[in-house]
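Okay, structure first, notes after.
Number of protein chains: 2
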Amino acid sequence: MNSKKTLPSRTRSTMASTPALAPTATQPILISADLSGRSRVTIQRVSPLLDGGRFPVKAIPGDVIAVEADVVSDGHDYLAARLLYKHADDTDYREMAMTLLVNDRWGASFVVEKTGRYDYTIEAWVDHLATWQHEIHLKVADGQRITSELLAGAQLIDGMLARAEAFTTASAPKPKGRKKAEEDTHPDVRALREMGNLFRDGAKPTAIDQYNEAVSLAESEQFIFYTKAYPERQHPARYTPVLGVEVDRAKAGFSTWYCLFPRSASREEGRHGTFRDVEGLLPRIADMGFDVLYLPPIHPIGTAHRKGKNNSVACEPGEPGVPYGIGSEAGGHDAIHSELGTVDDFKHLIAIAKNYGMEVAMDLAIQVSPDHPWAKDHPEWFKKRPDGTIQYAENPPKKYQDIYPVYFETDDWQNLWLEMRRVLLTWGSWGVRMIRVDNPHTKPFAFWEWIIAEVKKEYPDMLFLSEAFTKPKVMQELAKRGFAQSYTYYTWRNTKAELEEYMTELTQKTAPDSMAYYFRPNFWPTTHDINPYSLHSGHEPQFLIRYFMAATLSSNYGIYGPSFELMEHERFPNKEEYLNSEKYEIRLWDWDRTNKLTYLIGLTNRIRHENAALQQTNNIRFCAVNDDAIMAYLKTTGDNRLLIVVNTDAYSRRAGMVQVPIWELGIGHDQPYQVRDLLTNAQYTWQGDRNYVELDPYVLPMHLFKIEV
Amino acid sequence: MNSKKTLPSRTRSTMASTPALAPTATQPILISADLSGRSRVTIQRVSPLLDGGRFPVKAIPGDVIAVEADVVSDGHDYLAARLLYKHADDTDYREMAMTLLVNDRWGASFVVEKTGRYDYTIEAWVDHLATWQHEIHLKVADGQRITSELLAGAQLIDGMLARAEAFTTASAPKPKGRKKAEEDTHPDVRALREMGNLFRDGAKPTAIDQYNEAVSLAESEQFIFYTKAYPERQHPARYTPVLGVEVDRAKAGFSTWYCLFPRSASREEGRHGTFRDVEGLLPRIADMGFDVLYLPPIHPIGTAHRKGKNNSVACEPGEPGVPYGIGSEAGGHDAIHSELGTVDDFKHLIAIAKNYGMEVAMDLAIQVSPDHPWAKDHPEWFKKRPDGTIQYAENPPKKYQDIYPVYFETDDWQNLWLEMRRVLLTWGSWGVRMIRVDNPHTKPFAFWEWIIAEVKKEYPDMLFLSEAFTKPKVMQELAKRGFAQSYTYYTWRNTKAELEEYMTELTQKTAPDSMAYYFRPNFWPTTHDINPYSLHSGHEPQFLIRYFMAATLSSNYGIYGPSFELMEHERFPNKEEYLNSEKYEIRLWDWDRTNKLTYLIGLTNRIRHENAALQQTNNIRFCAVNDDAIMAYLKTTGDNRLLIVVNTDAYSRRAGMVQVPIWELGIGHDQPYQVRDLLTNAQYTWQGDRNYVELDPYVLPMHLFKIEV
């Protein structure tokens, strides 16, 4: 037999994805006096792993899910391990062969191709085929005659043959009423039959030629091919539980948010802004390069205990109230504040925004004004004081009499959850696919997990942004429960050291449950709630720096406009809040003003759009710089390689040597390379790993270099 | 009401262990539209945690099990968490209040008091009582009148009262037929009733005195006491799975092994040693301070393909064979080699050894000679070659025709397991309670987990030592499956850097699944299989050093005698094995010889016996020394504080400054302290953290200081 001739032409590289075998029955790994006693392999310390597999990791289509595990057995046998994965729409697992990395650690990866839930797990077994081949090799090298081993090999081939027949019969088109001819037999089946015969022939005492041919075949790559294609998985171990990947649409990984109060969209003093006014602002916002327009609550505002300008408890007649004091006789979370427009007007805004490449994100604040319909129709959803009145919000000793918090421990919690579901499905029916959630950390985790899953059943492309500025583990838990993106501490991370440490925590996969697996940061230099100390100066270079880092450190970021780009900075005394905040009054903005910051925003967003490396967050790598204010980071995606250098000191010119890891970029030490600043088009020829940079905050405190070899 | 008078006298410190409430029904933490929707707390990242809770951690009676977890909830409420634990014999959990450590990390610990299995888990809930008290405090400090809050507090007290009544009724002796008088009421119940009335009275508009008294009580420690004793655990979260501690008897943590071949126990040339001869050696072994006498296999030895001297395949007539070639017509693993004696002789040895404070450990090698009864009665327990013959052991290209390995993948594996169980229970019936297992890593993990558990059902004090010199994760897995102790890489760790790194890996609890939680090292400088390179010189100081480090780094250690203490070192060419190994021949030893090493052994074992700090392994802390060969380590247990200093360079005098962490020992920088060398009785007065040491290997290459303030 000329094995080369009869073997099929498929190559080893196609093997991993062929054939997509049906999953075998799960074998319990736990010891008991049942059939598992012969399962010799154990699979442990799988990574990624969030809380023992309780939560899925997150991805977007095209992401590579790299999985590792300890695969351990007794004895000296070879092992085989497969990564099994499937989309929720699929019935059968696909398989990817895992590779032994080092010290019983195995790895493999798969690509998630579409949105939805993927399941994956690992199966491993003692690979008698590979063990047999390895022992053959040692004996042949030792000059031993291996006839008995060839007979054992023939038995192993019989097993492969049976599996090949079963598989190829199941997957082949049925013969159409005519006699099954030899040419209908799958080439693998034919080849395996011949191999088995050759092994048996070769084991006969007199068959010298066949013996040599059989030995040669036993040691061949072809033989390995069949052992991988039709593996003998006796007593396999299957990892439990099945693990998950939640694949969101691409926007979850790359988005550029612009927040505005629609009531301030009017260009006339004293006139309440409308959705139509917002439509008029879309060209400006689109020009700056934003693709999400986020609006604080747009529902009717209560009048009971309404707050006035600057959060005053004394509200003057005619003051518009706080959009977060949701609900009046006109309706609650499923109604639209009439001064902004109608539901149809809102849908119209969504449609027009779409023309500008922008989505509209709503704001979910689960709290009500005392005038909200729920307060009358569902008083049991609120906590009562001993006198039977509803308890208003408190943060002792402070009191917020204009707000009733919802009481999630109510006996009627199931109806409360269902009502919230109804509200969000209503928003979905309006065309909303992004929801920013106000203070999710004051509502139960279980509620979020449930409602996000419920809403995604109807609107799979719905994305939730968690506005939880709270303790790290609470923020992490909300992300695990289903929030696609999360606000972060970026707003308060200013120094190079702080930023590098925080970015490392957010983006590096150093543990099986690292945040990079499930927490998508969304960086905001300011919000309508937060006017951080770092910007109270109104110092223009500081605004440029804070903006630029948000936009280049994180693929998801947002600004609160036009306050931010107009460098609004007056603070409420002794607070990180704005004076004359839009939360309490309508502002008349100069929507036509441009400045150095608006220029930088437009330019940076265009560069983000054109450079894939800025469309991911976890692809960051910090570079050493011998200056404690100059921060440099490399972001690479495929061929797109960017080196970003920022002077975090807004008041001093800084200079230093940036160490570019050219050894990782395939650039030799004697090889010149070009870096072109995409902000200024300035171009430099560098060589070696250490290069001089100098940044004057009063000129431009950053470089955004594209590396071109 | 004078609350101080009516409150019971028990103090807060007793509270944690009272009352031992019955466990509540497990609340699933998973989200679903059932009653768990109001469970607001999540418990994660528990430590210790071996493979998601799949395996128990290990302990001995008296050990403290320190448990930590992330306990996280939404909102700003106070939380309460309890560590729940019970022995397998108990029906109810006991509880220990957990303490918030930092950043949502909580901790508590409990002491395991007796051998067997303990279960533990964590329960946590939103602590409305503590939240209420905290808010009261803020409002009172703000000068607010809190009548409404007092009424809310009265409702909370009603809840505590109901729980106090239920608990005290259940636990109190029943009244004997007479009217239940006020004095029969539990003081807690009386106190809570009065507190509730006081709160309600104090909330009345005119009751100024009662108001003040109620407010004062609400802020009091007494109130806190009741909130902890009768907590309101609404919608608690319970961690799953339940975690385990396997508590072995004290010997598992502190043991001193001596291995000898009983056939070499004879003092006459040419006479086969017997158990009676071994009895004659016990005084010497006991004098040296050993408490475990471990014997390689004592079963009949096969004759088929028997190996001769130095592992020769040509066995001369009269050669005794290899004790690991187990089984002949005289019997197998449940029989005794007749030249050693009878079963009764063996039992007699066990009894006499006990008089000397010594246990006898047997050797379990699951492999057989071709003459073993299993080979005839259970040929299906062995792998067949294609010609139907049983396959002998191979490590290709090497062949071991004298040994049949047992085939654990046999279809008849269940009977094989049962037979092994029968054998070990037979050993148990002889009085054996320690078993050293030869090459456990070539038999399935599942088998070990099953058989160790099975044997411990009959003999709970049985201890298994794993002789697995193999890959780290395989050794770890065997320990997880139930081996009480494990051989280690100590035999090949020679330099200071290697030893410090390895000891850190073995003893430090740096991760939830650190080896310190479940892997008990047993250090052997040599074994009858391993004559390490480091001792081929026969250099006496090297033997002293290798011995002393084993005995002071690890609370469990052993030597292979008398080979080791007589500094036997001739090697088989190019191997780490002995020339003229006792495995293949009977040796005639000079059992009366003493030397510097035997003196050091006896002395060190006496010091180990007298100093609790040497009876643990994980209590080690390395000290900085400015010499790369001098290694210093502190071992402390309570008041017993030892500083051990070893010169790992057996050829050069070394000197350096040892840094003693006196700040951890409560010794001030200006406070002199005594260090007394327990080996030489030399005494030094030291002061400050840096002190000079100098060690000459030709004199004595170690100090064993006791620190005395």
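Note that the protein sequences, when read in sequence, are chains A and B. Everything in the first sequence is counted per our numbering, starting at 222 for the first residue and increasing by one. Everything in the second sequence is counted per our numbering, starting at 222 for the first residue and increasing by one. Glycine residues also receive a C-beta, built at the ideal position from the N, C-alpha and C atoms.
For a cutoff of 7 Å on Cβ pairs, would you count residue i as touching chain B?
i: Val-644/A; result: no
i: Ser-369/A; result: yes
i: Gly-887/A; result: no
i: Lys-664/A; result: yes
i: Thr-320/A; result: no
DSSP on residue i, reduced to helix/strand/coil?
i: Pro-249/A; result: Note that Pro-249/A scores 29 on pLDDT, short of 50, meaning its location in the model is unreliable and no value can be drawn from it.
i: His-308/B; result: strand
i: Ala-439/A; result: helix
i: Ile-841/A; result: strand
i: Ala-772/A; result: helix
i: Lys-597/A; result: helix
i: Arg-315/B; result: strand
i: Glu-356/B; result: helix
i: Thr-448/A; result: helix
From the DSSP secondary-structure annotation, give me the bridge partner or partners of residue i.
i: Gly-877/A; result: Val-914/A
i: Cys-480/B; result: Tyr-515/B and Tyr-781/B
i: Asn-636/B; result: Answer is none; Asn-636/B lacks a bridge partner.
i: Glu-929/A; result: Gln-895/A
i: Asp-584/B; result: Arg-657/B
i: Gln-706/B; result: Leu-686/B
i: Pro-742/B; result: Ser-707/B
i: Ala-853/A; result: Cys-844/A and Val-866/A
i: Trp-327/A; result: Ala-290/A and Leu-321/A
Comparing the C-beta of residue i with each C-beta of chain A, is any distance below 7 Å?
i: Gly-296/B; result: yes
i: Ala-345/B; result: no
i: Gly-273/B; result: yes
i: Phe-603/B; result: no
i: Glu-415/B; result: no
i: Leu-350/B; result: no
i: Glu-698/B; result: yes
i: Glu-630/B; result: yes
i: Val-534/B; result: no
Applying the criterion that 16 or more other CB atoms from any shown protein chain within 10 Å of the CB defines a buried residue, is residue i buried or exposed?
i: Thr-563/B; result: exposed
i: Ser-873/B; result: exposed
i: His-662/B; result: buried
i: Pro-269/B; result: buried
i: Asn-660/A; result: buried
i: Thr-731/A; result: exposed
i: His-757/A; result: exposed
i: Gln-622/B; result: exposed
i: Gln-376/B; result: exposed
**Message:** With three or more C-beta pairs closer than 8 Å as the rule, is the region 547-565 of chain A touching the region 466-480 of chain A?
**Reply:** no
**Given 8 Å, three or more beta-carbon pairs between the region 678-688 of chain B and the region 633-640 of chain B** = no
**Request:** Pair every Cβ in the region 489-503 of chain A with every Cβ in the region 789-806 of chain A, then say whether three or more of these pairs are closer than 8 Å.
**Result:** no
**Prompt:** Is the region 873-885 of chain A touching the region 903-923 of chain A in the sense that three or more CB pairs, one from each, lie closer than 8 Å?
**Reply:** yes
**Message:** If contact is defined by three or more beta carbon pairs under 8 Å, each pair taking one atom from either stretch, is the region 451-460 of chain B in contact with the region 331-338 of chain B?
**Reply:** Result no; under three Cβ-Cβ pairs closer than 8 Å.
**Message:** Counting beta carbon pairs with one atom in the region 461-470 of chain A and one in the region 350-365 of chain A, are three or more of them shorter than 8 Å?
**Reply:** no
**Message:** Contact between the region 685-699 of chain B and the region 800-814 of chain B is defined here as three or more beta-carbon pairs at a separation below 8 Å; is this criterion met?
**Reply:** no
**Message:** Counting beta carbon pairs with one atom in the region 879-896 of chain B and one in the region 730-741 of chain B, are three or more of them shorter than 8 Å?
**Reply:** no
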